[in-house]
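One structure is given below, encoded as structure tokens.
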Amino acid sequence: MLLERVVYSILCLALLIFIASRYFKNRSNVYLAMVGLQIIATVIQLLSLFTSTFMDMFVQIYILLFGIIAPLVVFATEYMKIDIAEVIDIKMGNFYAKRIEYNRAIECYKKAVERNDKNPLTYSKLGKIYNAMGDRRTAFDKFAKAVELNRKDYESYYEIGIIFSELGKKSDAKIMLDNALRIKPDYTPASELLAVVLCAQNKYDEAINVYKDAIRYEPDNYQLYYSMGIVRTELRDFNEAKECYEKAIELNPDLYEAYFSLGQIHLLKGELIDAETMFKRALYNKDLAGKSYYQLAKVYILNNEEIKAVTYLEYAIEIDSSYRYKADSEPLFAGIKDYLTGLHMVSQVQMKLEKEIDKKVSESNYKTEEYQQMEIEGPQFNYMDRFSGKS
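Numbering (the numbering used here), first residue to last: 801 to 1191.
Structure representation (structure tokens):
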């Protein structure tokens, strides 16, 4: 028992001297705090050696933790050339970055750089913070330094590509993104941005090839199929675009943007029933509701259902009044122009509607099931029914 205490005491003293020497060399608050804890643990251990007093379990745990284990961890990190103070600074920087306390995060990362100016990770993290703050110039410098220190830092290449793209330097952005994908071919964010850059340069075929390569690594990524569908649509390759949208919907049935895009293709091809189905499906997304109502109005105009067209156009205008002027400028809506200028009672469409109502009212039992069906026909659906899965 005495031998064990002697060994413990010698080990505590040796580790205390080691940590104290680290503090005098680095002047780090981490080492200072550890020295303080070690002194307490060592003093208690020495007292137990000379007085033979019994220590309870908690005191023994304290001595073991702060007198032996913690100093040994520091010794091991020093041996492996890991600066624990630098690691803590980076961790604290990450903590503040998540809390969007950017200035405090920068302070922590800068302390880490002062301790080790050869760590590309710290420069990359600084670049992301400056970029989030809108300081592209400084962000670029930090990412460039990260790449200089680590030529395989594909994330920094990607971040530089974003900056170049936002500045309109598409060729430079392409070079950076190509570098990122050369290092990590399955890095989807770089593939997506590269395709966008290529489209901005009117290189649609190259963009499609980029999407195809990305899909090889992520065959279940619905966004890649949807984005490729957009490029196919731009090329007016509607059959291929349709397949892309359908695959995207297969992977994500709630991708309402794809339903809307499919509706446009069906409308362009004169497939009015399919177009109607797709646009009604897109109505589930409130951000697409106005556009979908407007397109449905076109479908009904082409299908010679002017009353429905007016109804759906009215809903589009209620969501966004600009659709009134947009429709007024389109020849397709010439037949309901009086409605668009606000002359409801004299428009031919309104007259047709009044005649239809008069006809039903003149019937002996106009509140028949047939009339009730006519009343709910159109876009006056119950949103709660939609979300509950009722047809």
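Glycine is no exception: its CB is placed at the ideal position from the N, C-alpha and C atoms.
Just so it is clear, the structure is predicted and the values come from calculations on it, not from any experiment.
- Three-state class that DSSP yields for residue 1145 in the structure shown: Note that residue 1145 scores a pLDDT of 38, beneath 50, so its modelled location is shaky and nothing firm can be said.
- Query: Hey, how far is the Cα of residue 1063 from the Cα of residue 891?
  - Reply: 49 Å
- Task: Take every Cβ of the segment 1082 to 1094, pair it with every Cβ of the segment 1056 to 1070, and state whether three or more of those distances are shorter than 8 Å.
- Result: yes
- Query: Excluding the five sequence neighbours on either side, which residues of its own chain have a C-beta within less than 7 Å of the C-beta of residue 819, listed in chain order?
  - Reply: 831, 834, 835, 838, 871 and 874
- Determine, using beta carbons only, whether residue 923 and residue 945 come nearer to each other than 8 Å. yes
- Query: Any idea what DSSP makes of residue 1094, helix, strand or coil?
  - Reply: helix
- Boundaries (first-last residue) of the alpha helix (DSSP H) holding residue 952: Residue 952 -> no alpha helix (DSSP H), and no H or E assigned at all.
- Task: To the nearest angstrom, report how far apart residue 809 and residue 825 are at their CA atoms.
- Result: 24 Å
- Task: On a CA-only basis, which of 1052, 1096 and 1014 is nearest residue 1070? Give me that one, please.
- Result: 1096
- In whole angstroms, what is the alpha-carbon distance linking residue 812 and residue 856? 18 Å
- Query: Do you know how far the Cα of residue 994 is from the Cα of residue 974?
  - Reply: 6 Å
- Query: Which residues mark the beginning and the end of the alpha helix (DSSP H) in which residue 969 is found?
  - Reply: Element bounds for residue 969: n/a, residue is neither H nor E.
- Message: Once the 5 residues before and after residue 816 are set aside, which same chain residues still bring their CB inside 6 Å of it?
- Response: 838 and 842
- Where do the ends of the alpha helix (DSSP H) carrying residue 1074 lie? 1072 to 1082
- Excluding five sequence neighbours on each side, which residues of the same chain lie with their C-beta closer than 8 Å to the C-beta of residue 1021? 988, 1014, 1015 and 1051
- Query: When the Cα atoms are used, what is the spatial distance from residue 1055 to residue 1077?
  - Reply: 15 Å
- Query: Cα separation between residue 1111 and residue 933?
  - Reply: 47 Å
- Message: Quick check on DSSP: helix, strand or coil for residue 1003?
- Response: coil
- Alpha-carbon spacing of residue 983 relative to residue 876, whole angstroms: 33 Å
- Task: Please report the Cβ distance between residue 901 and residue 928, rounded to the nearest whole angstrom; I am assuming they are in contact, meaning their Cβ atoms lie under 8 Å.
- Result: In fact, because the Cβ distance is near 14 Å, the residues do not count as touching under 8 Å.
- Message: Given this structure, state the Cα-to-Cα distance separating residue 1124 from residue 1099, to the nearest angstrom.
- Response: 17 Å
- If we call anything under 8 Å between Cβ atoms a contact, is residue 1113 one with residue 1094? yes
- Query: Buried or exposed: which applies to residue 889, given that a residue is buried once 16 or more other Cβ atoms fall within 10 Å of its Cβ?
  - Reply: buried
- Quick one: is residue 1068 buried, meaning 16 or more other Cβ sit within 10 Å of its Cβ, or exposed? exposed
- Taking only the alpha-carbon atoms, compute the straight-line gap between residue 1040 and residue 1088 and give it to the nearest angstrom. 23 Å
- Message: Which same chain residues end up closer than 6 Å to residue 1035 when comparing Cβ atoms and leaving out the 5 residues on each side of it in sequence?
- Response: 1004
- Item | residue 1060: first and last residue of the uninterrupted alpha helix (DSSP H) it sits in | 1056 to 1068
- Query: Could you give the residue range of the alpha helix (DSSP H) that holds residue 925?
  - Reply: 920 to 932
- Message: Can you check which of these residues, 1115, 1101 and 896, is closest to residue 1131 by C-alpha distance?
- Response: 1101
- Query: Can you tell me whether DSSP reads residue 816 as helix, strand or coil?
  - Reply: helix
- Task: Look at the alpha carbon of residue 1135 and the alpha carbon of residue 1033, and state the distance between them as a whole number of angstroms.
- Result: 30 Å
- Compare the C-alpha of residue 964 against each of 955, 977 and 1012 and name the closest. 977
- Between which two residues does the alpha helix (DSSP H) containing residue 1051 stretch? 1038 to 1051
- Task: Determine the direct distance from the alpha carbon of residue 972 to that of residue 840, and round the result to whole angstroms.
- Result: 59 Å
- Task: Would you give the residue range spanned by the alpha helix (DSSP H) that residue 1027 belongs to?
- Result: 1022 to 1034
- Query: Thinking C-alpha only, which one of 1106, 1118 and 1104 is nearest residue 1091?
  - Reply: 1118
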